[in-house]
Structures are given as structure tokens and as C-alpha cells.
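Q: In full-length UniProt numbering, the protein residues as written are 1 to 181.
Take this structure first; my questions come after.
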């Protein structure tokens with residue numbers, strides 16, 4: 001209802017704003033994050049990506065992925081997403097850890113149970129809503145995680161700045177079912 005009133009007040013028959021922008025009370029488009037231009041017509045980056053911290057990234061090539069600043073200590077109060085995507089559905093992702101050093105488990109969870117609290121790395125190898133949580137030195141060098149499909153997500157949270165974090169190598173492994181020999 002408000003937008004219709006503003007359109008009428010601005011002598012416009014339709015909202016000219018694009019990419020989920022809307023006509024504001026000043027008769028100018030109000031653009032969502034990640035867009036710009038007088039009509040929000042320019043996509044600077046994906047809408048969701050504009051909300052992610054700068055240490056978040058989409059990983060689409062084989063190579064190393066690390067916690068922020070690795071091998072130096074990572075900063076305090078950081079949240080990062082590393083979304084690893086294989087080139088097609090004919091690949092799985094293999095993540096091999098070379099180093100893993102984070103704050104150990106602490107008793108700050110309900111009932112005084114030991115848990116990863118100050119720093120966590122969630123690894124999602126199957127469903128984006130299911131993860132395993134790691135901290136301290138729970139992942140030994142050489143530990144391998146393999147996705148069940150062509151995507152894997154890493155979610156890193158730090159509440160301290162005392163450790164170096166982690167580094168791992170990403171490899172894309174062809175699925176036998178896609179082999180066309």
C-alpha cells in the first residue's frame with residue numbers, strides 16, 4: 001500500500017526499480033545490498049554475498065583453503081563461509097587437512113558439557129543443514145573429508161585471536177558413474 005501511494009505521489013504508473021529495489025518516499029529507488037544505479041539495475045555482487053564477511057568465498061578451483069590470515073593468527077570475532085563447488089555434478093569434493101589448531105573445547109555449554117565454544121569449524125559434506133563441529137586439535141594432519149555430492153560448506157567462527165587456524169587442500173574427484181570412457 002505505501003509503495004502505491006509513493007508511486008502516485010511521484011506521478012509514476014509502475015515501479016521502475018529492479019532487482020528487488022522499491023520506490024521510496026523521496027521518489028527514488030531504494031536499492032538492496034549488492035545493487036546500484038538509479039533503478040537498482042546494476043548487480044555488483046549476489047544479494048546473499050553482500051551480507052557475507054569479506055573472508056567468505058566461493059571456491060571453484062582446486063587448491064588450498066585456509067582460515068583468515070593463516071599461517072598468522074586469525075582475527076577475533078570473525079565468521080566466514082567457504083562454499084566449495086566442484087565443476088559439475090560428476091565430481092565429489094575431497095578436503096585434506098594439512099594443519100588444524102584452534103581453541104580447545106570448553107565447559108561453556110549447557111550443563112557444563114565440554115563443547116566447541118570459542119572457535120568452531122563446521123564441515124558440511126552432505127546436506128547444507130547437517131554438519132560436524134570441530135575445534136582444538138580434533139582434526140589431525142592428513143584427515144580427509146569427502147562430500148556426497150558436488151558441494152561442501154565450511155563455516156568458521158572465532159571469538160578469540162590466539163591460534164593460527166587451519167589449512168586444507170581441495171581436490172575434485174570424478175565420480176565413476178559419470179565416466180564416459
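Don't be surprised by glycine CBs; every beta carbon is placed ideally from N, CA and C.
Just curious, the beta strand (DSSP E) that residue 122 is in, first and last residue?
A: Here the question's residue 122 lines up with position 122 in the chain shown. It spans 119 to 124 - the beta strand (DSSP E) in which residue 122 sits, taken as one unbroken run.
Q: What is the DSSP secondary structure of residue 55, reduced to helix, strand or coil?
A: Mapped onto the chain shown, residue 55 falls at position 55. Residue 55 falls in the coil class under three-state DSSP.
Q: How big is the Cα-Cα spacing for residue 100 and residue 136?
A: Position 100 of the chain shown holds residue 100. Position 136 of the chain shown holds residue 136. Approximately 8 Å, taken between the alpha carbons.
Q: Leaving aside the five residues before and after residue 145 along the sequence, list all residues of the same chain whose C-beta is less than 6 Å from its C-beta, in chain order.
A: The count along the chain shown starts at 1 and reaches residue 145 at position 145. Excluding positions up to five away in sequence, the list reads 95, 123 and 125.
Q: In the DSSP assignment, find the unbroken beta strand (DSSP E) run with residue 79 in it and report its ends.
A: Locating residue 79 in the chain shown gives position 79, counting from the first residue. Per DSSP, residue 79 belongs to the beta strand (DSSP E) from 78 to 85.
Q: Under the three-state reduction of DSSP, which class applies to residue 110: helix, strand or coil?
A: On the chain shown, residue 110 is found 110 positions in, with the first residue counted as 1. If DSSP states are grouped into helix, strand and coil, residue 110 belongs with the helices.
Q: Just the C-alpha distance for residue 156 and residue 78, rounded to the nearest angstrom, thanks.
A: Counting from 1 along the chain shown, the entry for residue 156 is found at position 156. Counting from 1 along the chain shown, the entry for residue 78 is found at position 78. Approximately 8 Å, taken between the alpha carbons.
Q: Taking C-beta to C-beta, are residue 164 and residue 72 nearer than 8 Å?
A: By 1-based counting over the chain shown, the position of residue 164 is 164. By 1-based counting over the chain shown, the position of residue 72 is 72. For residue 164 and residue 72, yes; Cβs fall inside 8 Å.
Q: Hey, would you say residue 106 sits closer than 8 Å to residue 118, going by beta carbons?
A: Here residue 106 refers to the residue found at position 106 when the chain shown is read from its first residue. Here residue 118 refers to the residue found at position 118 when the chain shown is read from its first residue. Yes, they are a contact pair.
Q: Quick check on residue 151: does DSSP put it in helix, strand or coil?
A: Your numbering for residue 151 matches position 151 in the chain shown. Strand, per DSSP.
Q: Measuring alpha carbon to alpha carbon, tell me which of 18, 112 and 5 ends up nearest residue 26.
A: As a first step, residue 26 must be located in the chain shown, where it is residue number 26. Looking at the Cα atoms, 5 is the closest of the given residues.
Q: Which residue's Cα is closest to the Cα of residue 143: 134, 149, 150 and 151?
A: The count along the chain shown starts at 1 and reaches residue 143 at position 143. Looking at the Cα atoms, 134 is the closest of the given residues.
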